[in-house]
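Here's the structure we're looking at; comments come further down.
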Amino acid sequence: MFFFFFFFFFFFFFFFFFFFFFFFFFFFFFFFGVYFYEYNLIFFFEWMIFFMNSCGFTCVFLFDWISLIFMSFVFLISSSVLLYSLGYMSGDLNIVRFFYFVFFFILSMVFFVMMPDLISLILGWDGLGLVSYCLIIYYGNLSSLKSGLVTLLINRLGDVFLILSMGWFLNFGSWHFIFYVNYFDYDFFFLVYLILFASFTKSAQFPFCFWLPMAMAAPTPVSSLVHSSTLVTSGVYLIIRFNYYIFYFDTFFLMLVSLITMFISGLSACVENDLKKIIAFSTLSQLGFMFFVLSFGSLIICFMHLLIHAVFKSLLFLCSGVFIHCFLGNQDIRYMGGLVLQCPYISCMFFVSFLCLCGVPFFSGFYSSDFVLELVILMDVGFLYFFFFCISIGLTFFYTFRLFYYLFFSDSFFFSFISFGYCFYMNFSLLFLYFFSIFGGSFIFWIFGDFIFIIEPFLKLIPLLIMFFFFFFFFNVLDNLFVFMNFYFFFFFNSMWFLNFYSTTFFLSRFFKFSEFSYNLIDFGWFEYYISGGLIYFFESVSFIFSKFVLNSFYIYMVSFFFFFFFFFFFFFLDS
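With the numbering used here applied, the sequence shown corresponds to residues 1484 to 2059, in that order.
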């Protein structure tokens, strides 16, 4: 009994120590990042580990405003998720293992963000994928194992692209990509596409976008920390770091992939009924939105939206986790309804995160989204691109209104709402993200918003017109949505245009069939006959011959004697 109380006292002591430690580092890194941004400072620390074949292996830390501010938001979300998990995972027997995984994930993020050479970067990059896999299969059921396997394979593919880029950088004898930003060569064309495809796998862009909805098999705090705000934005962060190489070339490919991702994920979210998967499709759409901004070379606006989106999307996931917790694990929005009466405190925070997602003035999501829309209008991207971009933005309003309607205004109570009482850890952890979702956008805009767009008043109202159009379109279409769309249309959109099928079952079945063919033909065919049976016959023959020499046979002794005598006599006369 004493050991039991000592263990829990030790656990809670270190837990709250790390919570306040991360929360302190949020303020520390954020204010230092603002200071570095204002005075354009960069600190570069390097330790040589060993040197081999004119290539040094070093441990490098880069402190600039991008890495410091990004890590500050990682610490903010991590501290909130850790405190939230203490209430959400309270009945779990493996809660200690869960917190170990979260700590290793934060450590991998530090390696990835703070280290500018590819050797150290791939340690964090690979660590993110490995810890993400461990967190997805945390529950250990069949669905979690399948989702974890798909996530692991896609992340391994991204590792291959990054390792190839490491091999390419050996041409310079160093892996410090930050030192070659002013070196322009058309050989960088190969490097650019390696980095792009590596970022596409980690940030779930087309055609690798199917793994993110499957990763929702993880616990909800993991979805909030890993699969909405930090891990999935690591691909965007990688593009920001390699922007000097990428923007030497045409970014048409990046723009096209981002638009396809936004459009597919928006349509899939409109027909999805799983609460966490709807938010996952929303994350996919926002990631495509960030890559679309990067295709214009607007790094600061993209970085602003990355930070703001990380906060309000984490709040959205954590609030949905409270709803799922109260409905005893049910995630189908058709079985929910009237939540504004059952838990108004969480519903208020959920509503604020919705407003941020839609970019309603003057919440945090408005500032970066409004800048991007003005940028798209002024850049003259072409009518077709502008049309699909506006449709993708409108789909965001559509599935947001649909989710809001089902959760708060629908009267379908198929599950009993069970209130577990006031949980201090879960409710208090949401306050930091809640206040930042309201005031954080304006605060970040005061820091980074030193650019001006001159635009006509009518064009300024285009985002509001899109929002009101899809708002009325939603209420007119919702009642008839199930009438003119049958099961096959729903399956087509819900499976992301069969991308899930063609990327997993259809593609892998060819390898499984080849494996079955080789197993039957080689393992139990030629290999069994010529290798297994042939080797046994060969060794039996050799052992039979050698056994003759072992036996005490006078005939063998005489033959051996004459053979060695003839051999010695022949070489003796040959030398003479």
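We treat Cβ as the ideally placed atom computed from N, Cα and C, and that holds for glycine.
These numbers were taken from a predicted model, which means no experiment stands behind them.
Exposed unless 16 or more other CB atoms sit within 10 angstroms - verdict on residue i
i: residue 1844; result: exposed
i: residue 1609; result: buried
i: residue 1639; result: exposed
i: residue 1580; result: exposed
i: residue 1658; result: buried
i: residue 1738; result: buried
i: residue 1746; result: buried
i: residue 1796; result: buried
i: residue 1531; result: exposed
i: residue 1490; result: With a pLDDT of 49 at residue 1490, under the threshold of 50, the modelled position of that residue is not reliable, and the figure given next carries that caveat. With fewer than 16 other Cβ atoms within 10 Å, it is exposed.
i: residue 1827; result: exposed
i: residue 2060; result: Because the chain in this structure spans residues 1484 to 2059, residue 2060 falls outside the shown range and cannot be described.
i: residue 1548; result: buried
i: residue 1772; result: buried
i: residue 1567; result: buried
i: residue 1616; result: buried
i: residue 1779; result: buried
i: residue 1576; result: exposed
i: residue 1574; result: exposed
i: residue 1810; result: buried
i: residue 1722; result: buried
i: residue 1998; result: exposed
Residue i - partner residues in DSSP beta bridges
i: residue 1545; result: 1527
i: residue 1792; result: Beta-bridge pairing links residue 1792 to no other residue.
i: residue 1600; result: 1659
i: residue 1757; result: 1815
Beta-carbon contacts of residue i that lie in its chain and below 8 Å, excluding the five residues immediately before and after
i: residue 1807; result: 1703, 1758, 1759, 1813, 1814
i: residue 1948; result: none
i: residue 1946; result: 1842, 1852, 1853, 1856, 1876
i: residue 1572; result: 1578, 1581, 1702, 1704
i: residue 1872; result: 1742, 1745, 1775, 1859, 1864
i: residue 1917; result: 1798, 1832, 1835
i: residue 1925; result: 1845, 1847, 1850
i: residue 1730; result: 1780
i: residue 1512; result: 1551, 1552, 1554, 1555, 1558
Beta-carbon contacts of residue i that lie in its chain and below 7 Å, excluding the five residues immediately before and after
i: residue 1718; result: 1682, 1683, 1685, 1686
i: residue 1950; result: 1841, 1880
i: residue 1983; result: 1693
i: residue 1674; result: 1648, 1651, 1728
i: residue 1570; result: 1906, 1908, 1909
i: residue 1764; result: 1696, 1748, 1751, 1752, 1755
i: residue 1979; result: 1692, 1693, 1747, 1751
i: residue 1619; result: 1627, 1630, 1631, 1634, 1698, 1700, 1701
Rounded straight-line distance, which links the Cα of residue j to that of residue i
i: residue 1510; j: residue 2002; result: 59 Å
i: residue 1715; j: residue 1688; result: 10 Å
i: residue 1861; j: residue 1735; result: 17 Å
i: residue 1655; j: residue 1611; result: 27 Å
i: residue 1631; j: residue 1952; result: 39 Å
i: residue 1486; j: residue 1767; result: Confidence in residue 1486 is poor, its pLDDT being 46 and thus under 50, which makes the residue's placement unreliable; the coordinate value appears in the next sentence. Taking the straight line from one Cα to the other gives about 46 Å.
i: residue 1748; j: residue 1628; result: 24 Å
i: residue 1859; j: residue 1849; result: 15 Å
i: residue 1974; j: residue 1761; result: 15 Å
i: residue 1519; j: residue 1622; result: 42 Å
i: residue 1710; j: residue 2022; result: 57 Å
i: residue 1551; j: residue 1660; result: 19 Å
i: residue 1882; j: residue 1915; result: 26 Å
i: residue 1624; j: residue 1944; result: 49 Å
i: residue 1680; j: residue 1885; result: 33 Å
i: residue 1585; j: residue 1878; result: 33 Å
i: residue 1891; j: residue 1920; result: 20 Å
i: residue 1636; j: residue 1602; result: 21 Å
i: residue 1724; j: residue 1542; result: 18 Å
Sequence-distant residues of the same chain with beta carbon closer than 6 Å to residue i, five excluded per side
i: residue 1607; result: 1591, 1594, 1595
i: residue 1769; result: 1792
i: residue 1626; result: 1700
i: residue 1556; result: 1790, 1793
i: residue 1829; result: 1802, 1805
i: residue 1707; result: 1564, 1797, 1800, 1801
i: residue 1506; result: 1562
i: residue 1508; result: 1558
Cβ-heavy atom distance, residue i to the ligand NAD, below 7 Å
i: residue 1772; result: Of the ligands one can find in the structure shown there are none, so the ligand NAD has no counterpart to examine.
I'd like the ranges of any alpha helix (DSSP H) spanning at least 4 consecutive residues and lying wholly in the segment 1642-1730.
The DSSP assignment places complete alpha helix (DSSP H) segments of no fewer than 4 residues inside the segment 1642-1730 at 1671-1685, 1694-1697, 1703-1708, 1717-1724, 1726-1729, in order along the chain.
Quick one: complete alpha helix (DSSP H) runs, 4+ long, within the segment 1864-1925?
The segment 1864-1925 contains these whole alpha helix (DSSP H) runs: 1866-1887.
Ordered list of alpha helix (DSSP H) runs contained in the segment 1568-1623, each at least 4 residues
Taking only runs of at least 4 residues, the alpha helix (DSSP H) segments lying wholly in the segment 1568-1623 are 1578-1597, 1601-1619.
Could you tell me which whole alpha helix (DSSP H) segments of length 4 or greater appear in the segment 1804-1857?
You should have 1822-1825, 1827-1841.
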